[in-house]
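A.B. asks: The numbering of the sequence shown is UniProt numbering, which starts it at 1 and goes up by one. Glycine included, each C-beta is placed from N, C-alpha and C at the ideal position. Before anything else, here's the structure in question.
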Amino acid sequence: MRAWRTDATYPVSGAPKGLRIHSGFDVLWNSSSMATTFLGAYGRLHAAHPRAATYVLGHSMGGALAHLCALDIRARHDPPDLRVLTFGSPRVGNSVFADFFEQHVAESWRFTHGRDIVPSLPPTIMGFRHVSREVWVVALDPARGGGGGGAPQEQLVICDESGEDPTCHASVCHLGLCTSIADHLTYLGEMMMADGTC
């Protein structure tokens, strides 16, 4: 529970008062060489291709880091076309963070899958809130014409702009019912693992 504290203030200039992020994600992104190394490489690419679209992607904890990375890219380089796609990302910060992110990154899609456990964490009761534009990936019921024969058939549900749409992933995750590691490791028919690790 200690890592779930919202005890870090985001260091981007212009961040509003009260903006809080998960301390573990803050430490991993800002206190390691990760941000420096990545942003240095990005700066060189952006200088060579200033009009190119920038896509920041991540799965699981990488999704959380993608949100922080995108804000740093916006603050330092302000690319004309910045997009974020995450898969199974946990909540990164509080509502002030989510609003700040949405003001600075207009094109962001956060994919959730079935009963994936990770997007349920850290819980909202601790003050965390997802950024908006959730796309919930759900399996189609074979009895209703989905599936049959090959790979499982899935439907993409575009959720409301709240970040916590009660009719999407949150609809099956109340009372701690989202516990699926399998749903976390598979998105859009692809395994989200490298060398057998998550």
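Across which residues does DSSP place residue 111 in a beta bridge pair?
C.D. replies: As a working mapping, residue 111 is identified with position 111 in the sequence shown. In DSSP, residue 111 forms a bridge with 87, 135.
A.B. asks: Suppose you measure from the CA of residue 145 to the CA of residue 138; what does that come to, to the nearest Å?
C.D. replies: In the sequence shown, counting from the first residue as 1, residue 145 sits at position 145. In the sequence shown, counting from the first residue as 1, residue 138 sits at position 138. At residue 145 the pLDDT is 47, less than 50, meaning the model places this residue with poor confidence; the figure from the coordinates comes in the next sentence. C-alpha separation (whole angstroms): 14 Å.
A.B. asks: Report the partner residues of residue 116 according to the DSSP bridge assignment.
C.D. replies: As a position in the sequence shown, residue 116 is number 116, starting the count at 1. Partner(s): 180.
A.B. asks: Under 8 Å between the Cβ atoms of residue 184 and residue 99?
C.D. replies: Working through the sequence shown from its first residue, we reach residue 184 at position 184. Working through the sequence shown from its first residue, we reach residue 99 at position 99. No.
A.B. asks: In terms of DSSP beta bridges, what is residue 155 paired with?
C.D. replies: Counting from one through the sequence shown, the residue named residue 155 turns up at place 155. 138, per the DSSP bridge assignment.
A.B. asks: Check whether the stretch 69-83 and the stretch 113-131 are in contact - that is, three or more C-beta pairs closer than 8 Å.
C.D. replies: Too few Cβ pairs lie closer than 8 Å, so no.
A.B. asks: How is the alpha helix (DSSP H) around residue 59 delimited, first residue to last?
C.D. replies: Mapped onto the sequence shown, residue 59 falls at position 59. From DSSP, residue 59 is part of no alpha helix (DSSP H) but of the beta strand (DSSP E) over 54-59.
A.B. asks: For residue 102, does the three-state DSSP call read helix, strand or coil?
C.D. replies: Residue mapping note: residue 102 aligns to position 102 of the sequence shown, counting from 1. Residue 102: helix per DSSP, three-state reduction.
A.B. asks: How is residue 62 classed by DSSP in three states: helix, strand or coil?
C.D. replies: If you number the sequence shown from 1, residue 62 lands on position 62. Correct three-state label for residue 62: helix.
A.B. asks: For residue 34, which three-state DSSP category applies?
C.D. replies: Position 34 of the sequence shown holds residue 34. Residue 34: helix per DSSP, three-state reduction.
A.B. asks: Taking just the CA atoms, how far does residue 79 sit from residue 147?
C.D. replies: For the purposes of this step, residue 147 is identified with residue 147 of the sequence shown, where counting begins at 1. For the purposes of this step, residue 79 is identified with residue 79 of the sequence shown, where counting begins at 1. With a pLDDT of only 48 at residue 147, under 50, the local geometry of the prediction cannot be trusted, and the value read off the model is given with reservation. Rounded to the nearest angstrom, the two C-alpha atoms are 41 Å apart.
A.B. asks: For a quick check, are the C-beta atoms of residue 92 and residue 70 less than 8 Å apart?
C.D. replies: By 1-based counting over the sequence shown, the position of residue 92 is 92. By 1-based counting over the sequence shown, the position of residue 70 is 70. In this structure, residue 70 does not lie closer than 8 Å to residue 92 by Cβ.
A.B. asks: From the DSSP output, in three-state form, read off residue 93 for me.
C.D. replies: Indexing the sequence shown from 1 puts residue 93 at position 93. In this structure, residue 93 counts as strand in the three-state DSSP scheme.
A.B. asks: Here's the rule: buried if 16 or more other CB atoms are within 10 angstroms of the residue's CB, otherwise exposed. What is residue 96?
C.D. replies: Within the sequence shown, numbered from 1, the residue matching residue 96 stands at position 96. So residue 96 ends up on the buried side.
A.B. asks: In whole angstroms, give me the CA-to-CA distance for residue 17 and residue 171.
C.D. replies: The residue labelled residue 17 in the question sits at position 17 within the sequence shown. The residue labelled residue 171 in the question sits at position 171 within the sequence shown. For residue 17 and residue 171, the distance between alpha carbons rounds to 31 Å.
A.B. asks: Tell me the rounded alpha-carbon separation between residue 179 and residue 34.
C.D. replies: Along the sequence shown, one-based indexing puts residue 179 at 179. Along the sequence shown, one-based indexing puts residue 34 at 34. Spanning the two alpha carbons is a distance of roughly 30 Å.
A.B. asks: Please classify residue 126: does DSSP put it in a helix, a strand, or coil?
C.D. replies: For the purposes of this step, residue 126 is taken as residue 126 along the sequence shown, with counting starting at 1. Of the three classes helix, strand and coil, the one that applies to residue 126 here is helix, per DSSP.
A.B. asks: Measure from the alpha carbon of residue 109 to the alpha carbon of each residue in 134, 58, 128, then state which is nearest.
C.D. replies: Residue mapping note: residue 109 aligns to position 109 of the sequence shown, counting from 1. Considering only alpha carbons, the answer is 134.
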